[in-house]
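> Below you'll find the structure I mean.
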Amino acid sequence: MNVTIIRFPGTNCDLDTANAVKKVLGIEPKIISCKENKIPKSDLIIIPGGFSYGDYLRSGAIAAREPIMDDLELKGNQGVYIIGICNGFQILTERKLLPGSLLKNSSLKFISKNVELKITRNDTYFTSKYQTNEIVNIPIAHHDGNFFADQDTLDSIEANNQVAFRYLNPVNGSLNNIAGLYNKNLNILGLMPHPERAVDIRTGTKDGSRVFESALNFYST
Amino acid sequence: MKAIVYIRLKTEVLDPQGQAIESALKNLGESTINNIRQGKLIEMDIEAKNIKDAEEKIEKITKSLLANTVIEEYSIEIS
Amino acid sequence: MKAIVYIRLKTEVLDPQGQAIESALKNLGESTINNIRQGKLIEMDIEAKNIKDAEEKIEKITKSLLANTVIEEYSIEIS
Amino acid sequence: MDIYESHSINKEEKELLLNYLGRDPSHTEIGIFSVMWSEHCSYKSSRHWLKKLHTKGKQVIQGPGENAGVVDIGDNQAIIFKMESHNHPSFIEPYQGAATGVGGIMRDVFTMGARPIALLNSIRFGEFTHPKTKFLLSGVVAGIGGYGNCVGIPTIAGETGFDSSYNGNNLVNAMCVGLATKDKIFYSKASGIGNPVVYVGAKTGRDGIHGATMASGEFDDESEKNRPTVQVGDPYAEKLLLEACLELMQKDAIISIQDMGAAGLTSSSVEMADKGKVGIELNLNNIPTRQQNLTAYEMMLSESQERMLMVLKPEKTEIAKEVFKKWGVDFAIVGKITETNNIVVSHNGIIEADIPIKFLTDNAPMYKRKKINKNKRNQKSQPIPSIKTKDAILKLLNSPNLCSKKWVWEQYDRTIMANTLNDAGRDGGIVRIENTEKAIAMSCDVNPRYCHADAKIGAMQAVAECWRNIISMGAKPLAITNCLNFGNPEKPEIMNDFVETIEGIRDASIVLDFPVVSGNVSLYNETNGVAIKNTPTIGGVGLIESIGVLDNFGPLNIGDSIYMIGKKGSHLSCSSLEEVCNGKSSINPPEIDLNQEKLNGTGVLELIQERIITSCHDISDGGMIVAICEMIMMDNRGAAINIVDDTKMIGELFGEDQSRYIITIPPERESIFEKKMKKLGVKYELIGCITSSQLKINDSIVISNNEIRDAYESLIPSIMNNRA
Ligand SMILES: Nc1ncnc2c1ncn2[C@@H]1O[C@H](COP(=O)(O)OP(=O)(O)O)[C@@H](O)[C@H]1O
Ligand SMILES: [Mg+2]
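Written out as C-alpha cells, the structure is:
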C-alpha cells in the first residue's frame, strides 16, 4: 500500500502522521512537498495538521490554492482515498472537496484536549475497524474547528449520511456536533481530531490507530 | 492605485467574535450598542491601467482567494 | 444608527498576514499587487441622540476595547 | 536630558565610554554602547554574583554562557534547554509580548542544533480582582499558545500565580527544551578570518527600538508611530526558520550560529566575535529590510523577530543559500570575520561604528551594588482564624494560586509530536524521546511567598520543589535553568535578596547535584516604587531511562494505601492556609534540610523505579491535603484519611513542611516498602487509603467529589468567561 503525506510550509504534523503510519501499518509513507508538480501514485493521500502558511487569511485558504491541489482534486475525483486531518480538513473544505467551512471555535480559544467521538458508520474505507455507534477517545487541538454549513448543505450532508464522527458533547460550536465528514463518494475524509496522536496507549489513547488499520484492511482485502 | 476589500461574514453565519464583543460591552454597562459583527479589510497597492481594470483584477483575487464565498461576502473600493 | 470601526495595524508594525497573502498572490502569478495589509472592521447598531453623541460613545469603546492602541490605529464611520 | 542620558548611559558610564574611545562616538555607536551596556545585555548588576552558581556535574556538556545549557542523556543524545523572561513586553502588549517570548526562547535552543520537543512557562499576574489581570492573563495565555501551537511544539507544563505585588508588573517566563545529537551541537564562537557572516530569517523593521535608548533631539522629527516598540511575532516564519536551520545543520556548513534576540544584530554580532576573539565587519546595505530608509542606528538596534546570524564555511555558502531558498527564508551575506578585534559597521559607504569589541563586553560596566540585609524574619505567625476544616479545604482549592489552571493549559497544544506521556495537571510534563525507551520530565517552580519571606530559603525551596516534581514523575533530576525576576537592584535590600537567592540556588543545586546550566535575569520589575516579590523561577529537566517503569504508575487504584514520605506537617506560618484565610502571610517560611530532601527524594525515585509504588505526588503549597485532593481529582477517586491526634489536625493537613511526598502502594507491597524506607532512614507514615469516591477525614469530615471538583475548577472560568 502506498501512502503519501503532503507537506505545506507551516505543516507541523507531517512527521507525527508518518510515524503513526509506520507504527500502525508498518509502511514507510512518502512525505512530499506541496511544491512538487504531481502526487505520486498512492492508495491513500494524507494532508496532515498544522498551520499551513501560518493559517493566515483563513485556516487552509492559501494551501488550498496551491497548484498541487489540482492534482489532488483530480485524484480525489478518480476515487483515490484522501484524509485531511485538522488543518488538512480545513484545506479540503477551502478547496471545496468537502462541504461547509470551519470557523473559529465558539469559545474563540484554542482547545487542546481528548474528546469522545461517536463513530457514525463503519461501512467506509476509513472506519471498518470500528463499530457503528462506538465511542472513542481522540485528542483535538485546534482554534478553527467549528463546523458550519448553510441549512441546505447541512441537510444534504445528513441525508447522504456523510458525517463520519460526531463529538459526544459540544466542544467548539460545530453544527450537529460534526467532528469529521466524508464527501459524497466516501473516498475523502476530513476530521478535526488527530488520530495520529492516538496510536500508543502510553500517550493516553490508542483509539486513532483504527483509522489507519481500516484503510489497510480495505487495501488488503 | 489603492484598493480595499471589505469582507464580512454572511448574515446567516454566526459570529462568535461579534457576540463576545457585545457581551463584553454589556458587562461594561454599555447597552445601547447591538448587533455587533466583525469583518476584515484587506488593503493593497495595485498597478492597473484604469479603475475598471483594477476592479476586475481585485474581484478575481477576492473570489479566488481573499474571501471564502461559502461563508463570506465582500465589497471592493478602489481609489 | 449604524457605526463601523475600521482597525488597522500601525504602518510600521509587522503584518505577517498581509505578507503571507501577498506571497500567495505572487505564487498565483499576480505580481501587480503590493503592500498588502490586513485589518478589521467592526459593525454595530447604536442608539444615540445624535451623530456626535454616537461618535463619542464609539470612540470610547474603541479605545477601551475594540482596538489595541499599542499596535493599532482606527477610524470611525457613522451613518 | 543629553543624548547619553536619553540612552540610559549615566555620567560615569559616559566618562568610561569617552575614555575608551578617545573621541566622540557617532550616534550609531552610542546606540550600540547603550544596548550592550544595558542591564539586559551586560548583566552589570548581576554578573559578579552569577559566577557563584553551581554549574558543574558529569551530566553537564555546556553550562551557562552559551545560548542554552546542554546536558548528556546518553546514547549520543543531549538535551538543550533554557528559560527566559519577557515580562515588560507582555505587560505592554500581552499577546505579542508572550508570543515573542516563546519565539525567542525557542531560537535559543534550536540555534544550538536541537529540535525543540517541549515548552513550559511560568506566568504571574496581579490580584484576581485587579482590573488589568483578566486582560493580561487572557492575552498572555493566548500569545503563548498562539506561538507554540503554530510552530508545533507541545506546551506541556508550567505554573500560573497571582499576587498583588505583580499588579504593575506581570511575569512571563518561557522555557524551551530541545533534543540534539551530542556530537552535533552548535556554538556561537566565531572563527576563520575572512569567513562570511550571514543573516537569515525575517526582514528587519523598526520593531522594538526602545524609547529609552533612542529618544533624542535629532530623532524627534520622525513621528512616534514610526517607532513601534512592540515586536509582532510570526510563528510561521519561525517554523520555516527552524526547519531551514536544522536542515543546514546536517550539512557541515556552519562554523558558528547565534539567534538575534535582545539588541538584535548588535548583540549577536558582538557576542559571536567576542567568543572567538576576532573582529567582525558588517555592511548594512545587505541587510534584508522590511521598510525603506532604515538608518544604521535602527538596523543595529532593531529587535525584529525570527532572525539569526551565522558564520559559514566559505565553500558551503551556496549550499546554505539553496537550503534557505527552499524554505522561503531570506538569506544574505552581510559581512565577514576580521582580525581587527573591532566591530566595524558601514552603511552607504560610511563607517557608522568602529569599536573594539572588548569595550562592549569584558570592559562593560559591572557593579557590585550595595546590599543591606533587612532581616524581615521572625515576625510572629498570625493566628489561623477558626474555620471548619472542610471549609478551609474548599477555600484553598478555590483560591487563585491553588485552583486548577485547566483554563490556561487547555489552550496549549499538549499532544503534538505525539510523545507527551502525561497530561497537564500532574507535577510537570513528560515527553518520550522518539525511537528510544527514554523520556524527559520537566517542571517549573517557585514559591514567591517563601522567597519574599526569606530570599535564601525561598530559593532553596524553589530548586527543591522542582527536584521533587521531577522525582514524582519517576525521573532522575539532571539540571536546571532559571529566571531571576526581581525589583530594582539599586535598592540595597533587593540587591541583598538577589545575592541570597543565588546562594540559595547554589547550595541546593550542590547538595541535590542539580546544577544550573542556563538562565536569565530580569531586574527592575517595579512600578511606582513597588517591587514584585522575589521570583526566582527554576526550570528543571530529568531523565527517565525506561518508560516501562511508568506503565502501571499514575492512576490511583481503589484499595491502595496512602503513605506520606517525610515528617508530619505542622508548619503553618507563611502557608497557603494563612494567606487564604488571613489575606496575608507571616514572614516565617518552613525550613528546609537539603540532605533530608535528597534522602527522601532518592528513596522515592527508587520506589518508582523498582515499581513498588503506584502513584506519587509531591507536597507543596497548601500542604498534604491539597496534594491528596489534586491526586483524587485527577483520576476521579476518593480517599479515606486518618489523623490520629485530632488536636494536630490543622498542622498535619495544611502544614507546609518541606521534602515530602504522597505515594500510594498496593497493600501486598507494604512490607517491602517499609523495609526499604527503614534501611534508607526515610520517615514515612500510613495516612489512609484510596476509595472510590469522596474525601473522608476521620469519619467526621466528608467532602464529595463534586464539591471538591467544583471548588477546584470553577474559579478561573467563572472570572474569565465573563469577558470578550
Ligand atoms: N502556565 C502554565 N502552563 C502550562 N501548565 C501549567 C501552567 N500553569 C499550571 N500548569 C500545570 O498545572 C499543574 C499544576 O500546577 P502547579 O500547582 O504549579 O503544580 P506544582 O505545585 O505541582 O508544581 C501542573 O501540571 C502544571 O504544569
Ligand atoms: Mg508538584
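These protein sequence lines map, in sequence, to chains A, B, C and D.
Using this note's numbering, read the first sequence as starting at 7 and increasing by one per residue.
Using this note's numbering, read the second sequence as starting at 2 and increasing by one per residue.
Using this note's numbering, read the third sequence as starting at 2 and increasing by one per residue.
Using this note's numbering, read the fourth sequence as starting at 2 and increasing by one per residue.
We put the CB at the ideal spot given by N, CA and C, even for glycine.
How should residue 238/D be labelled, buried or exposed, when 16 other C-beta atoms within 10 angstroms of its C-beta is the threshold for buried?
In the fourth sequence, counting from the first residue as 1, residue 238/D sits at position 237. Buried: at least 16 other Cβ atoms inside 10 Å.
> Compare the C-beta of residue 462/D against all C-beta atoms of chain C and say whether one is closer than 9 Å.
Here residue 462/D corresponds to residue number 461 of the fourth sequence, with the count starting at 1. Residue 462/D does not count as touching chain C.
> Residue 136/D lies in the alpha helix (DSSP H); which residues open and close that run?
Looking up residue 136/D in the fourth sequence gives position 135. Where residue 136/D is concerned, the enclosing alpha helix (DSSP H) stretches over 134-152.
> Can you give me the C-alpha to C-alpha distance between residue 30/C and residue 23/C, rounded to a whole angstrom?
Position 29 of the third sequence, counting from 1, holds the residue named residue 30/C. Position 22 of the third sequence, counting from 1, holds the residue named residue 23/C. Cα to Cα, the separation comes out at about 11 Å.
> Is the distance from the Cβ of residue 739/D to the Cβ of residue 169/D below 9 Å?
The requested residue 739/D does not occur in the structure, where chain D is confined to residues 2 to 725.
> So, with DSSP's three-state summary, where would you put residue 199/D?
Locating residue 199/D in the fourth sequence gives position 198, counting from the first residue. Residue state, collapsed to three classes: strand.
> Anyone know if the C-beta pair for residue 5/B and residue 43/B falls short of 9 Å?
For the purposes of this step, residue 5/B is taken as residue 4 along the second sequence, with counting starting at 1. For the purposes of this step, residue 43/B is taken as residue 42 along the second sequence, with counting starting at 1. Less than 9 Å divides the Cβ of residue 5/B from the Cβ of residue 43/B.
> Inspect the beta-carbon positions of residue 173/D and residue 118/D and report whether they are closer than 9 Å.
Position 172 of the fourth sequence holds residue 173/D. Position 117 of the fourth sequence holds residue 118/D. It is not a contact, given that the beta carbons lie outside the stated cut-off.
> Using beta-carbon positions only, say whether residue 305/D and residue 203/D come within less than 9 Å of one another.
Translated into the one-based positions of the fourth sequence, residue 305/D becomes position 304. Translated into the one-based positions of the fourth sequence, residue 203/D becomes position 202. A contact, by the Cβ cut-off of 9 Å.
> So which residues of chain B does residue 114/A contact, with C-beta pairs closer than 7 Å?
Numbered from 1 along the first sequence, position 108 holds the residue referred to as residue 114/A. Result: 17, 18, 21.
> Exposed or buried, residue 402/D, counting other C-beta atoms within 10 Å across all chains shown (16 or more means buried)?
Residue numbering aside, residue 402/D sits at position 401 when the fourth sequence is read from its first letter. Burial call: buried.
> Please tell me whether residue 87/A has its Cβ less than 9 Å away from any Cβ of chain D.
Residue mapping note: residue 87/A aligns to position 81 of the first sequence, counting from 1. Cβ-Cβ to chain D under 9 Å: no for residue 87/A.
> For the 8 Å Cβ check, are there 3 or more pairs between the stretch 138-149 of chain A and the stretch 195-213 of chain A?
yes
> When the Cα atoms are used, what is the spatial distance from residue 163/D to residue 674/D?
Start at 1 with the first residue of the fourth sequence, and residue 163/D comes out as number 162. Start at 1 with the first residue of the fourth sequence, and residue 674/D comes out as number 673. Spanning the two alpha carbons is a distance of roughly 39 Å.
> Using the beta-carbon count (16 or more within 10 Å), is residue 261/D buried or exposed?
As a position in the fourth sequence, residue 261/D is number 260, starting the count at 1. With 16 or more other Cβ atoms within 10 Å, it is buried.
> Which word fits residue 645/D, buried or exposed, when buried means at least 16 other C-beta atoms lie within 10 angstroms of its C-beta?
Stepping through the fourth sequence from its first residue, residue 645/D is reached at position 644. Exposed is the call here.
> Could you run through the stretch 58-90 of chain A and flag, in chain order, every residue whose CB is less than 7 Å away from some CB of chain C?
59, 60, 62, 63, 68, 71
> Starting from residue 30/B, find everything on chain C with Cβ-Cβ shorter than 7 Å and list it in chain order.
Taking the first residue of the second sequence as position 1, residue 30/B is located at position 29. Correct list: empty, because the minimum Cβ distance to chain C is about 11 Å.
> How is residue 1/D classed by DSSP in three states: helix, strand or coil?
Outside the displayed range of chain D (2 to 725) lies residue 1/D, so it cannot be described from this structure.
> Does DSSP put residue 354/D in a helix, in a strand, or in coil?
Counting from one through the fourth sequence, the residue named residue 354/D turns up at place 353. Correct three-state label for residue 354/D: strand.
> Quick one, are the C-beta atoms of residue 56/D and residue 517/D less than 9 Å apart?
Walking along the fourth sequence from the start, residue 56/D turns up at place 55. Walking along the fourth sequence from the start, residue 517/D turns up at place 516. In contact: residue 56/D and residue 517/D (Cβ atoms closer than 9 Å).
> If you follow the beta strand (DSSP E) that residue 73/B is in, where does it begin and where does it stop?
Walking along the second sequence from the start, residue 73/B turns up at place 72. It spans 73-79 - the beta strand (DSSP E) in which residue 73/B sits, taken as one unbroken run.
> Give me the chain C residues within the contact set of residue 292/D, using Cβ-Cβ distance strictly less than 8 Å, ordered along the chain.
As a first step, residue 292/D is located in the fourth sequence; it is residue number 291 there, counting from the start. Close to residue 292/D, with beta-carbon spacing below 8 Å, are these residues of chain C in chain order: 13.
> Taking CB distances under 9 Å as the criterion, tell me whether residue 10/C reaches chain D.
For the purposes of this step, residue 10/C is taken as residue 9 along the third sequence, with counting starting at 1. Yes - at least one Cβ of chain D is within 9 Å of the one on residue 10/C.
> Please classify residue 1/D as buried or exposed, where buried requires at least 16 other C-beta atoms within 10 Å of its C-beta.
The question about residue 1/D has no answer, for chain D in this structure spans 2 to 725.
> If you compare alpha carbons, which of 332/D, 197/D, 422/D, 266/D is closest to residue 312/D?
Along the fourth sequence, read from residue 1 onward, the residue named residue 312/D stands at position 311. Among 332/D, 197/D, 422/D, 266/D, the Cα nearest to that of residue 312/D is on 197/D.
> Taking C-beta pairs closer than 8 Å, name the residues in chain D that residue 147/A reaches, listed in chain order.
The count along the first sequence starts at 1 and reaches residue 147/A at position 141. Those are 150, 414, 415, 416, 417, listed as they occur along chain D.
> In three-state terms, what does DSSP make of residue 606/D?
One-based indexing of the fourth sequence puts residue 606/D at position 605. Looking at residue 606/D - three-state DSSP - the assignment turns out to be helix.
> Tell me the rounded alpha-carbon separation between residue 351/D and residue 295/D.
Taking the fourth sequence and counting its residues from 1, one reaches residue 351/D at position 350. Taking the fourth sequence and counting its residues from 1, one reaches residue 295/D at position 294. Computed Cα separation, rounded: 14 Å.
> Cβ atoms of residue 615/D and residue 706/D: under 9 Å apart, would you say?
Reading the fourth sequence from its first residue, position 705 is the one you call residue 706/D. Reading the fourth sequence from its first residue, position 614 is the one you call residue 615/D. Result no, Cβ atoms of residue 706/D and residue 615/D do not sit closer than 9 Å.
> Measure from the C-beta of residue 236/D to each C-beta in chain A and report whether the shortest distance is under 9 Å.
Locating residue 236/D in the fourth sequence gives position 235, where the first residue counts as 1. Yes - at least one Cβ of chain A is within 9 Å of the one on residue 236/D.
> Taking its Cβ as the centre, do 16 or more other Cβ atoms sit within 10 Å of residue 36/D, making it buried, or is it exposed?
On the fourth sequence, residue 36/D is found 35 positions in, with the first residue counted as 1. It is buried - the Cβ of residue 36/D has at least 16 other Cβ atoms within 10 Å.
> I'd like to check one pair, residue 31/D with residue 361/D: are the Cβ atoms closer than 9 Å?
The count along the fourth sequence starts at 1 and reaches residue 361/D at position 360. The count along the fourth sequence starts at 1 and reaches residue 31/D at position 30. Their beta carbons are not under 9 Å apart, which means residue 361/D does not touch residue 31/D by this criterion.
> What's the gap between the Cα of residue 29/A and the Cα of residue 357/D?
Counting from 1 along the first sequence, the entry for residue 29/A is found at position 23. Counting from 1 along the fourth sequence, the entry for residue 357/D is found at position 356. Going by the C-alpha atoms only, they are around 56 Å apart.
> By the 10 Å Cβ neighbour count, where 16 or more other Cβ atoms means buried, how is residue 457/D classified, buried or exposed?
Here residue 457/D corresponds to residue number 456 of the fourth sequence, with the count starting at 1. With 16 or more Cβ atoms within 10 Å of its Cβ, residue 457/D is classed as buried.
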